[in-house]
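Q: Below is one structure. I have some questions about it.
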Amino acid sequence: MAAEIPSGAVEVVRAFLTCTVDAPDEAKARGLLSKASLTGGDFRMPEFAPGQAHYVIGEALVEGGQVYVPVTLKDGATGTEMTMPLAPVQEEGAWKLDMGKMVDRLMGGVM
């Protein structure tokens with residue numbers, strides 16, 4: 198039986214993409230990151246030409262108790278495409294994204 202995905206986990210991914218791709222706002226994006234992501238320096242705002250970045254949010258999954266939401270991001274200017282396993286975590290009652298867990302997942306294997 199597949200684990201149930203909390204709706205807040207997917208919603209924080211949508212909000213983060215809005216703040217980083219659709220309508221860039223670094224302060225809002227940083228507000229959606231876990232404390233570990235902020236202190237670890239794992240986050241840099243992406244730089245895209247206006248209107249050139251496109252993304253597709255894949256189906257969330259749970260692996261080892263951690264929720265991952267795959268996001269395929271394409272830079273329309275260069276054609277570069279990458280799938281990132283965004284890792285929502287609960288922190289002080291709110292959903293946040295953990296960039297360190299995303300990097301660990303990227304280094305650990307392909308989704």
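Quick note on this note's numbering: the sequence shown kicks off at 198 and runs consecutively.
Glycine residues also receive a C-beta, built at the ideal position from the N, C-alpha and C atoms.
1. Do the region 206-220 and the region 262-274 touch if we need at least three Cβ pairs shorter than 8 Å?
2. When we look at the beta-carbon of R302 and count the other beta-carbons within 10 Å, is it buried (16 or more) or exposed?
3. Would you report the Cα separation of I202 and R241, rounded to the nearest angstrom?
4. So, under 8 Å CB-CB, V264 and A206 are touching, yes? Tell me the CB distance rounded to an integer number of Å.
5. Our contact map puts E208 next to W292 with C-beta atoms below 8 Å; I'd like the distance itself, whole angstroms only.
6. Closest to V300 by CA distance: which of E244, M281 and V218 is it?
7. Mark K298 as exposed unless 16 or more other C-beta atoms lie within 10 angstroms of its C-beta, in which case mark it buried.
8. Please state the DSSP three-state secondary structure of I202.
9. Could you pull the start and end residues of the alpha helix (DSSP H) that V300 belongs to?
10. From K210 to A257, what does the alpha carbon distance come to, in whole angstroms?
11. Give me, in chain order, the residues of the same chain whose beta-carbon lies closer than 8 Å to that of L283; leave out the 5 immediate sequence neighbours on both sides.
12. With which residues is V219 paired in a DSSP beta bridge?
A: Judging by the given coordinates:
1. These segments touch.
2. Taking the first residue of the sequence shown as position 1, residue 302 is located at position 105. Classification of R302: buried, given that the 10 Å Cβ count is 16 or more.
3. Working through the sequence shown from its first residue, we reach residue 202 at position 5. Working through the sequence shown from its first residue, we reach residue 241 at position 44. About 27 Å.
4. As a working note, residue 264 is residue 67 in the sequence shown. As a working note, residue 206 is residue 9 in the sequence shown. Right, their Cβ atoms sit about 5 Å apart.
5. Here residue 208 is taken as the residue at index 11 of the sequence shown, counted from 1. Here residue 292 is taken as the residue at index 95 of the sequence shown, counted from 1. At roughly 7 Å, the Cβ-Cβ gap stays under 8 Å, so E208 and W292 are in contact.
6. Looking up residue 300 in the sequence shown gives position 103. Of the listed residues, the one whose Cα sits closest to V300 is M281.
7. Counted from its first residue, the sequence shown places residue 298 at position 101. With 16 or more other Cβ atoms from the protein chains shown falling within 10 Å of its own Cβ, K298 counts as buried.
8. Numbered from 1 along the sequence shown, position 5 holds the residue referred to as residue 202. When secondary structure is reduced to three states using DSSP, I202 falls in the coil class, being assigned neither helix nor strand.
9. By one-based count along the sequence shown, residue 300 stands at place 103. M296 to G305 is the span of the alpha helix (DSSP H), which, as asked, contains V300.
10. Counting from one through the sequence shown, the residue named residue 210 turns up at place 13. Counting from one through the sequence shown, the residue named residue 257 turns up at place 60. Here residue 210 is Val; the residue named in the question, Lys, does not match the sequence. Approximately 10 Å, taken between the alpha carbons.
11. Position 86 of the sequence shown, counting from 1, holds the residue named residue 283. Excluding residues within five positions, the ones whose Cβ falls inside 8 Å are V210, F213, Y265, V266, P267, V268, L294 and M299.
12. Residue 219 sits at position 22 when you count from the first residue of the sequence shown. It is worth fixing the name first, because residue 219 is Asp in this sequence and not Val. The partner list for D219 (beta bridge, DSSP) is empty, contrary to what the question assumes.
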